[in-house]
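A quick write-up on the structure given underneath.
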Ligand SMILES: Cc1cc2nc3c(=O)[nH]c(=O)nc-3n(C[C@H](O)[C@H](O)[C@H](O)COP(=O)(O)OP(=O)(O)OC[C@H]3O[C@@H](n4cnc5c(N)ncnc54)[C@H](O)[C@@H]3O)c2cc1C
């Protein structure tokens with residue numbers, strides 16, 4: 001599957017950050033991770049911290065899947081609002097899912113500090129804005145749900161939004177918890193650290209067959225080698241559905257662009273993440289080199305050609321939405337634009353853990369608007385599962401829900 005196209009900025013900016021060999025011999029290990037994107041890198045990280053012997057294998061260059069296309073806004077808020085999620089899965093469960101999002105951001109921050117590498121990580125506020133009067137009552141319910149659950153949020157009205165954030169909208173929930181990152185650099189930094197701790201990382205090596213057996217799994221690669229392991233982790237992103245009979249995701253096409261650098265005075269009145277109550281939603285952040293990154297325009301996925309044909313038109317739509325939120329700013333010039341695959345689940349929650357469909361396998365499917373937040377949650381959970389540690393939150397992301 002063609003996961004993304006156009007010119008994702010992180011690939012243009014960073015190029016091949018590091019290179020990795022292809023797998024050219026038979027190997028064995030404790031855990032083999034299929035997929036070397038941000039999810040696989042984080043899963044390998046939490047496993048090597050437990051002294052687990054890990055191999056990561058990816059059919060593309062490392063990070064060249066969805067990770068390189070991500071706009072990498074790190075948010076605890078998921079596409080399903082908390083007050084809706086409470087009705088869907090229960091109040092305590094919904095609040096816990098949101099709390100895990102905050103914990104995930106804290107975990108990523110701590111890991112970035114441990115890595116000691118500049119990967120564009122920055123803490124930010126997150127501004128969830130309503131442009132339509134008809135959205136205000138839901139926004140108020142959402143604010144109350146989050147406030148009552150103890151999240152650090154403020155309800156900000158039109159005048160303050162304009163003055164302090166430069167945003168034109170009727171009201172917004174401003175969350176203290178949020179962050180942004182360069183996802184490609186973070187992914188490589190994780191792999192480099194993991195390799196120092198003994199992990200083996202191979203790219204341009206496709207896993208063609210996964211054979212579970214009593215005490216583990218055997219993987220066959222396109223270069224006719226075998227990897228034997230006690231467990232396999234599927235960190236295969238939006239291509240994971242092909243390994244499962246259970247349909248867990250609806251695939252969309254999504255669009256993003258990055259502007260040419262703008263003068264400091266033109267930035268978003270500070271660094272924050274902007275997204276909105278409309279669906280599909282528009283969102284924006286800034287980059288560390290003074291550009292706007294924006295995205296949205298989701299459509300049901302048909303095929304890569306149709307998706308890619310729309311990149312120019314969708315860029316214009318994103319700029320028009322930008323102008324609605326920032327009517328007094330000059331519309332920035334597009335530097336690079338791209339499209340990618342994007343998965344949604346019915347309840348907005350990821351699917352993480354084991355399924356009856358495949359023994360000795362863990363899945364880390366961070367679907368939804370904040371996939372990277374889920375990558376971190378999945379990484380912690382999979383390390384717990386592997387070492388046999390109790391994880392009281394695993395049920396939230398189980399396959400048989
Ligand atoms: C335009 C866009 C904007 C986004 N914005 C955000 C955002 O702001 N915030 C956010 O949190 N998330 C965002 N996302 C989602 C986020 O990018 C994904 O959740 C995340 O990148 C998924 O990472 P991953 O490692 O699971 O998948 P990937 O990066 O796709 O990695 C999976 C890897 O598995 C490999 N693979 C698959 N099958 C095999 C096989 N058989 N053998 C070997 N290797 C295999 C692939 O080659 C691939 O590299 C966005 C996505 C897009 C497209």
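In my numbering, the protein residues as written are 1 to 401. Virtual Cβ for every residue (Gly too), placed ideally from N, Cα, C. Here the structure is a predicted model, which is why all the values come from computation and not from measurement.
Among the options, which one has its Cα closest to the Cα of residue i?
| i | options | result |
| --- | --- | --- |
| residue 225 | 141, 353, 57, 18 | 57 |
| residue 141 | 192, 82, 169, 165 | 82 |
| residue 118 | 181, 145, 276 | 181 |
| residue 47 | 240, 348, 384, 223 | 384 |
| residue 341 | 79, 369, 77 | 369 |
| residue 115 | 249, 255, 277, 192 | 192 |
| residue 289 | 51, 212, 77, 262 | 262 |
| residue 292 | 80, 188, 274 | 274 |
| residue 254 | 211, 243, 260, 313 | 313 |
| residue 37 | 336, 308, 366 | 366 |
| residue 345 | 13, 330, 320, 300 | 300 |
| residue 310 | 64, 339, 161 | 339 |
| residue 277 | 14, 102, 143 | 143 |
Where do the ends of the alpha helix (DSSP H) carrying residue i lie?
| i | result |
| --- | --- |
| residue 144 | 136 to 148 |
| residue 384 | 371 to 387 |
| residue 189 | 183 to 196 |
Return the Cβ separation of residue i and residue j in integer angstroms, given the expectation that the two are a contact with Cβ distance under 8 Å.
| i | j | result |
| --- | --- | --- |
| residue 351 | residue 397 | 6 Å |
| residue 59 | residue 285 | That pair is no contact at about 30 Å. |
| residue 257 | residue 318 | 6 Å |
| residue 183 | residue 19 | The Cβ separation is near 18 Å, so there is no contact. |
| residue 231 | residue 360 | 5 Å |
| residue 71 | residue 237 | Contact flag wrong, Cβ pair sits at about 15 Å. |
| residue 94 | residue 105 | Not really, about 18 Å apart at Cβ, beyond 8 Å. |
| residue 177 | residue 76 | 5 Å |
| residue 153 | residue 174 | 7 Å |
| residue 16 | residue 69 | Going by Cβ atoms, the distance from residue 16 to residue 69 rounds to 16 Å, so no, they are not a contact pair. |
| residue 233 | residue 382 | 6 Å |
| residue 393 | residue 100 | 6 Å |
| residue 325 | residue 156 | The Cβ separation is near 14 Å, so there is no contact. |
Can you name the start and end residues of the beta strand (DSSP E) that residue i belongs to?
| i | result |
| --- | --- |
| residue 234 | 226 to 234 |
| residue 95 | Taken as a continuous stretch (DSSP letters only), residue 95 belongs to no beta strand (DSSP E), being part of the alpha helix (DSSP H) at 91 to 115. |
| residue 339 | 334 to 344 |
| residue 364 | 358 to 365 |
| residue 391 | First-last for residue 391: undefined, no H or E at that position. |
| residue 212 | 207 to 213 |
| residue 353 | 351 to 355 |
| residue 157 | 153 to 157 |
| residue 161 | Neither: residue 161 is in no beta strand (DSSP E) and is coded neither H nor E. |
| residue 125 | 125 to 130 |
| residue 405 | Since the first residue shown for the chain is 1 and the last is 401, residue 405 is missing from the structure and cannot be characterised. |
| residue 200 | 200 to 202 |
If we ignore side chains and look at the alpha-carbon of each, how far apart do residue i and residue j end up?
| i | j | result |
| --- | --- | --- |
| residue 54 | residue 353 | 17 Å |
| residue 229 | residue 214 | 11 Å |
| residue 374 | residue 43 | 11 Å |
| residue 29 | residue 121 | 32 Å |
| residue 159 | residue 74 | 27 Å |
| residue 296 | residue 25 | 43 Å |
| residue 165 | residue 171 | 12 Å |
| residue 195 | residue 45 | 9 Å |
| residue 239 | residue 97 | 24 Å |
| residue 113 | residue 190 | 12 Å |
| residue 235 | residue 220 | 17 Å |
| residue 304 | residue 35 | 21 Å |
| residue 124 | residue 222 | 43 Å |
| residue 306 | residue 51 | 46 Å |
| residue 110 | residue 283 | 26 Å |
| residue 200 | residue 227 | 12 Å |
| residue 251 | residue 88 | 21 Å |
| residue 210 | residue 242 | 12 Å |
| residue 5 | residue 148 | 42 Å |
| residue 179 | residue 327 | 25 Å |
| residue 331 | residue 78 | 28 Å |
Any chance the CB of residue i is under 7 Å from a heavy atom of ligand 3?
| i | result |
| --- | --- |
| residue 64 | Annotation note on ligand 3: not contained in the displayed structure, which lists ligand 1 as its ligands. |
In chain order, what are the residue ranges of uninterrupted alpha helix (DSSP H) at least 4 long that sit wholly in the region 280 to 320?
304 to 309
Please give the ranges of any beta strand (DSSP E) in the region 2 to 63, keeping only runs that are unbroken, at least 3 residues long and fully inside the region.
4 to 6, 27 to 34, 54 to 57
Runs of 3 residues minimum, wholly inside the region 231 to 281: which ones carry the beta strand (DSSP E) assignment?
Taken in chain order, the whole beta strand (DSSP E) runs of length 3 or more contained in the region 231 to 281 are 250 to 259, 272 to 276.
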